[in-house]
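Engineer: Below is the structure I would like to discuss, written out as structure tokens.
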Amino acid sequence: MTASSSSTPGSLGRSAAALRPRRRTASRRRREVLSAYLFLAPGFVVFATIILYPIVRAFQISLYQWSLVPGTASKWLGLHNYGRAIHDPLFWRGLENAAFYMALTVPAQIVLGMAVAVLLDARIPGRGFFRAVYYVPVVTSWVVVSLLFRYLFITEGGFVNSELHLHVNWLGQRWTAMLVLGFLGIWKGIGWSMVIFLGALQSVPAELKEAAAVDGAKAWARFRAVSLPAMRPVIAFVTILLVIGGFNVFISVYLITQGGPLQETQVLLTYMYQEAFSYLDFGYGSALAFILTLIVFVLALVQLRLFRRPSEARA
Amino acid sequence: MVVGNPRRARALLTVRFVVLALGAFILMVPFLYMLSTSFKPNSVVLEIPPQLVPHHPTTANYTQAWTSNRFGRYFLNSLFVALATTALALLLSSMMAYAFARFRFPGRNVLFALLLIGLMVPAMMLLIPQFLLAKQLTLLNSLWGLIVFYTGGNLALNTFLLRAFFQDIPVELEEAMVVDGAGPWKRFWRLILPLSRPALAIVCIFTFLASWDEFTWALTTINDPSKYTLPIAIALFQGQHSTSWGLVFAASTIAIVPAIAIFVAFQRQFVSGLATGALKA
Numbered sequence: 166m167t168a169s170s171s172s173t174p175g176s177l178g179r180s181a182a183a184l185r186p187r188r189r190t191a192s193r194r195r196r197e198v199l200s201a202y203l204f205l206a207p208g209f210v211v212f213a214t215i216i217l218y219p220i221v222r223a224f225q226i227s228l229y230q231w232s233l234v235p236g237t238a239s240k241w242l243g244l245h246n247y248g249r250a251i252h253d254p255l256f257w258r259g260l261e262n263a264a265f266y267m268a269l270t271v272p273a274q275i276v277l278g279m280a281v282a283v284l285l286d287a288r289i290p291g292r293g294f295f296r297a298v299y300y301v302p303v304v305t306s307w308v309v310v311s312l313l314f315r316y317l318f319i320t321e322g323g324f325v326n327s328e329l330h331l332h333v334n335w336l337g338q339r340w341t342a343m344l345v346l347g348f349l350g351i352w353k354g355i356g357w358s359m360v361i362f363l364g365a366l367q368s369v370p371a372e373l374k375e376a377a378a379v380d381g382a383k384a385w386a387r388f389r390a391v392s393l394p395a396m397r398p399v400i401a402f403v404t405i406l407l408v409i410g411g412f413n414v415f416i417s418v419y420l421i422t423q424g425g426p427l428q429e430t431q432v433l434l435t436y437m438y439q440e441a442f443s444y445l446d447f448g449y450g451s452a453l454a455f456i457l458t459l460i461v462f463v464l465a466l467v468q469l470r471l472f473r474r475p476s477e478a479r480a
Numbered sequence: 284m285v286v287g288n289p290r291r292a293r294a295l296l297t298v299r300f301v302v303l304a305l306g307a308f309i310l311m312v313p314f315l316y317m318l319s320t321s322f323k324p325n326s327v328v329l330e331i332p333p334q335l336v337p338h339h340p341t342t343a344n345y346t347q348a349w350t351s352n353r354f355g356r357y358f359l360n361s362l363f364v365a366l367a368t369t370a371l372a373l374l375l376s377s378m379m380a381y382a383f384a385r386f387r388f389p390g391r392n393v394l395f396a397l398l399l400i401g402l403m404v405p406a407m408m409l410l411i412p413q414f415l416l417a418k419q420l421t422l423l424n425s426l427w428g429l430i431v432f433y434t435g436g437n438l439a440l441n442t443f444l445l446r447a448f449f450q451d452i453p454v455e456l457e458e459a460m461v462v463d464g465a466g467p468w469k470r471f472w473r474l475i476l477p478l479s480r481p482a483l484a485i486v487c488i489f490t491f492l493a494s495w496d497e498f499t500w501a502l503t504t505i506n507d508p509s510k511y512t513l514p515i516a517i518a519l520f521q522g523q524h525s526t527s528w529g530l531v532f533a534a535s536t537i538a539i540v541p542a543i544a545i546f547v548a549f550q551r552q553f554v555s556g557l558a559t560g561a562l563k564a
């Protein structure tokens, strides 16, 4: 006790001395700033051109009836494109479908990912193998798995209908098609949340788990009392990213239903893509994209609030 | 696991194992079926009931995809784009990360905040203005267009991850080099980069896979069939030959094998990369 308390101030003092900046001459300081900018410049120029400039442009374009013909002027519309979205039933349907997709995929990915992580959090044979297998769908291209699910859910001679002795026209109706898209999202996403949850579970101190076990707590009670609270920030992180990902669903819808039948499975992004690149209405497409971004930001902020509150109350 | 009688513990472990194995099998079924279909002659890909294992397996789909349908070309296009993107993004983002991790300069916080904004904005929001920009820069319909835009899209996340890693390298090591008269460029190449191999590996893998799998930007900007990358080639091929599933899945298998191989080879870096990304973001 005495030894440790006497060594602490000493080591603190030493590290504080090491952290104190050395006195530098003005020219050396100037050279340092210059080399910082030189290291920064090439990457930041690319970043500013490819990402920052388009962010500003996205909003600007949404205020116009954008003309693609060189030499002709785009027509200023103000916020008209945004008003058009609010009165556009297809916009609301896209929002509804995206919300349905999210409501289906986010909880399922969290619960199943957590379940697999808990099962893997033990000295189990083939642990690395299982972790890899559950993760394989995550690293597989969206294009391939989308085409694969389209094939599996074909009505006549499709794998799912044949094996389950069903005769469902999966992709020909709105809600069954949305269900297929949801299945794909869950199937592809379990591995991702699992790996992050597993990492977090393993950083929960083993002494805590053991202490609870000695107290005679059953596995489920132990999990709820010890592991779950410790994982709160990670669960928050995963939820936020899954919600954002859910609202950004695009490739699977584009390749499996093309928003059909009759625009019924259109989500926000496929609708945006269609408006912009099939009908070449860049102004309206940009407005839709901008609204989506706003929704995603607001949702992320709300969730950050919701997840933060209890821990603040405790502190 | 922790306490209790050993027989019960063993039984519980067995249950865990069986549940995990069952789940893994269910998860793999779509892939197995895809693999099986890729070895079927086209006449039976939609047979009722489906052949789970092809009765007369054939590799014709693979040879046909690779030769007459030019998937070999698309494979090389994808490889070129992914490798060039990875090299460029790695160089540019590690340089930026070094500046942010080790130097004080005016505008540092503002520039870093801008980088974070780039990290948060969904890529799809930028599709339309980026398309117009690529048109101005005459980067439509070009593999270099893909490379430049993929690099730009990967910079923010890479810089963010590498900066966190660089900051954990003890300053004393660099100070020792300064005493020996080494300039910043030399410290960066000789000290920071060699010590950061694990982080660089993670960034490499993520960037490579992201560009290898990218679909939307390539679909939007590439029209010339000789410049297709694998993802758009497969999707467009399926659109044109909607019933040639054997061929589609042979090409798909060719496309996903490198991604899965890279993942399996670097599994440990992968998992740790995800974990640090999750805990630090």
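So the sequence lines, in the order shown, correspond to chains A and B.
The letter at position 206 of the first sequence is residue 371 when you use this note's numbering, and the numbering goes up by one with no holes.
The letter at position 10 of the second sequence is residue 293 when you use this note's numbering, and the numbering goes up by one with no holes.
We treat Cβ as the ideally placed atom computed from N, Cα and C, and that holds for glycine.
Can you tell me whether A/Glu321 is buried or exposed, with buried defined as 16 or more other CB within 10 angstroms of its CB?
Structural biologist: Exposed.
Engineer: List the residues of chain A that B/Phe300 touches, going by C-beta distances under 8 Å, in chain order.
Structural biologist: Correct list: Ile289, Pro290, Gly291.
Engineer: Would you list, in sequence order, the uninterrupted alpha helix (DSSP H) runs of no fewer than 4 residues that lie entirely inside the region 359-439 of chain B?
Structural biologist: Listed in chain order, the complete alpha helix (DSSP H) runs (minimum 4 residues) inside the region 359-439 of chain B are 391-403, 410-419.
Engineer: Return the CA-CA distance between B/Pro453 and B/Phe491, expressed in angstroms with no decimal places.
Structural biologist: Those two C-alpha atoms are separated by around 29 Å.
Engineer: Since B/Ala501 and B/Ile517 are thought to touch, with beta carbons under 8 Å apart, how far apart are those beta carbons, to the nearest angstrom?
Structural biologist: Rounded, the Cβ-Cβ distance is 11 Å, inconsistent with contact.
Engineer: So which residues of chain A does B/Asp507 contact, with C-beta pairs closer than 8 Å?
Structural biologist: Neighbours of B/Asp507 on chain A: none; closest Cβ ~17 Å, over 8 Å.
Engineer: Could you tell me if A/Leu393 is buried or exposed, where buried requires 16 or more neighbouring beta carbons within 10 angstroms of its beta carbon?
Structural biologist: Exposed.
Engineer: Closer than 8 Å by beta-carbon distance: list the chain A residues that pair up with B/Ser376, in chain order.
Structural biologist: Those are Gly208, listed as they occur along chain A.
Engineer: Ordered along the chain, which non-local residues of its own chain (more than five positions away) have a Cβ less than 6 Å from that of A/Thr270?
Structural biologist: Contacts found: Gly347, Gly350, Ile351, Gly411.
Engineer: Give me the subset of the region 401-416 of chain B whose CB atoms are less than 9 Å from a CB atom of chain A, sorted by chain position.
Structural biologist: Listed by position, the residues of the region 401-416 of chain B near chain A (Cβ gap below 9 Å) are Gly401, Met403, Val404, Pro405, Ala406, Met407, Met408, Leu409, Leu410, Ile411, Pro412, Gln413, Phe414, Leu415, Leu416.
Engineer: Does any CB atom of chain B fall closer than 8 Å to the CB of A/Ala390?
Structural biologist: No, its Cβ sits nowhere closer than 8 Å to a Cβ of chain B.
Engineer: Just list the beta strand (DSSP E) runs in the region 334-421 of chain A, keeping only unbroken ones of 3 residues or longer that don't cross its boundaries, in chain order.
Structural biologist: Whole beta strand (DSSP E) segments, 3+ residues: zero.
Engineer: Over what stretch of residues does the alpha helix (DSSP H) that includes B/Asp496 continue unbroken?
Structural biologist: First-last of the alpha helix (DSSP H) with B/Asp496: 480-496.
Engineer: Kindly indicate if chain A contains any beta-carbon less than 8 Å away from that of B/Ile499.
Structural biologist: The displayed chain sequence assigns Thr, not Ile, to residue 499 of chain B. So, interface residue.
Engineer: Please name the residues in the region 524-539 of chain B whose beta-carbon is closer than 8 Å to at least one beta-carbon of chain A, in chain order.
Structural biologist: Cβ contacts with chain A: Trp528, Val531, Phe532, Ser535, Ala538, Ile539.
Engineer: Would you kindly work out how many angstroms separate the C-alpha atoms of B/Leu513 and B/Lys323, rounded to a whole number?
Structural biologist: The alpha-carbon atoms of B/Leu513 and B/Lys323 are separated by roughly 21 Å.
Engineer: Contact defined as beta carbons within less than 8 Å: I believe A/Gly448 pairs with A/Asn246. What is the distance between those atoms, to the nearest angstrom?
Structural biologist: So it is a contact: roughly 5 Å between Cβ atoms.
Engineer: Using 8 Å for Cβ pairs, my map puts B/Gly435 next to A/Ile215. What's the rounded Cβ distance?
Structural biologist: Going by Cβ atoms, the distance from B/Gly435 to A/Ile215 rounds to 3 Å, so yes, they are a contact pair.
Engineer: In three-state DSSP terms, what is B/Lys469?
Structural biologist: Correct three-state label for B/Lys469: helix.
Engineer: Taking a Cβ distance cut-off of 7 Å, strictly less, list which residues of the region 352-367 of chain B are near chain A, in chain order.
Structural biologist: Within the region 352-367 of chain B, no residue qualifies.
Engineer: With burial defined as no fewer than 16 other Cβ atoms inside 10 Å of the residue's Cβ, what is the status of A/Thr422: buried or exposed?
Structural biologist: Looking at its Cβ environment, which holds 16 or more other Cβ atoms inside 10 Å, A/Thr422 is buried.
Engineer: Is the distance from the Cβ of B/Met317 to the Cβ of B/Phe553 below 8 Å?
Structural biologist: Taking 8 Å as the Cβ cut-off, B/Met317 and B/Phe553 do not qualify as a contacting pair.
Engineer: On the CB-based measure, 16 or more other CB atoms within 10 Å of its CB, does A/Ala223 come out buried or exposed?
Structural biologist: It is buried - the Cβ of A/Ala223 has at least 16 other Cβ atoms within 10 Å.
Engineer: When you compare only the Cα positions, how much space is there between B/Pro412 and B/Phe308?
Structural biologist: Cα-Cα distance, rounded: 44 Å.
Engineer: Cutting at 6 Å between CB atoms, please list the residues of its own chain near A/Val414, excluding the five before and the five after it.
Structural biologist: Taken in chain order, the residues that qualify are Tyr266, Val432.
Engineer: When DSSP builds the beta bridges, which residues end up paired with A/Gln230?
Structural biologist: A/Lys240.
Engineer: Exposed or buried, B/Glu458, counting other C-beta atoms within 10 Å across all chains shown (16 or more means buried)?
Structural biologist: It counts as exposed.
Engineer: Identify which residue in A/Leu217, A/Leu445, A/Val369 has its Cα closest to the Cα of B/Met403.
Structural biologist: The candidate whose alpha carbon is nearest that of B/Met403 is A/Leu217.
Engineer: Quick check: B/Trp528 and B/Val328, are their CB atoms within less than 8 Å of each other?
Structural biologist: Yes.
Engineer: Checking contacts by CB at 8 Å: is B/Leu438 closer than that to chain E?
Structural biologist: Checking the listed chains, one finds no chain E in this structure; the protein chains it contains are A and B.
Engineer: Measure from the C-beta of B/Thr503 to each C-beta in chain A and report whether the shortest distance is under 8 Å.
Structural biologist: True, the Cβ-Cβ gap to chain A drops below 8 Å.
Engineer: Taking Cβ positions only, does B/Tyr316 come closer than 8 Å to chain A?
Structural biologist: It does; some Cβ of chain A falls within 8 Å.
Engineer: Against chain A, does B/Met311 count as a neighbour if the rule is that its beta carbon must be under 8 Å from one of theirs?
Structural biologist: Taking Cβ atoms only, chain A reaches closer than 8 Å to B/Met311, which makes this a yes.
Engineer: What in chain A is Cβ-close to B/Val543, meaning under 8 Å?
Structural biologist: For the record, residue 543 of chain B in the displayed sequence is Ile; it is not Val. Here the neighbours are Val301, Val304, Thr305.
Engineer: For the structure I just gave you, are there three or more beta carbon pairs, one from the region 296-310 of chain A and one from the region 534-544 of chain B, closer than 8 Å?
Structural biologist: Flag = yes, the region 296-310 of chain A and the region 534-544 of chain B touch.
Engineer: So is A/Val369 in contact with chain B if we call contact Cβ pairs under 8 Å?
Structural biologist: Cβ-Cβ to chain B under 8 Å: no for A/Val369.
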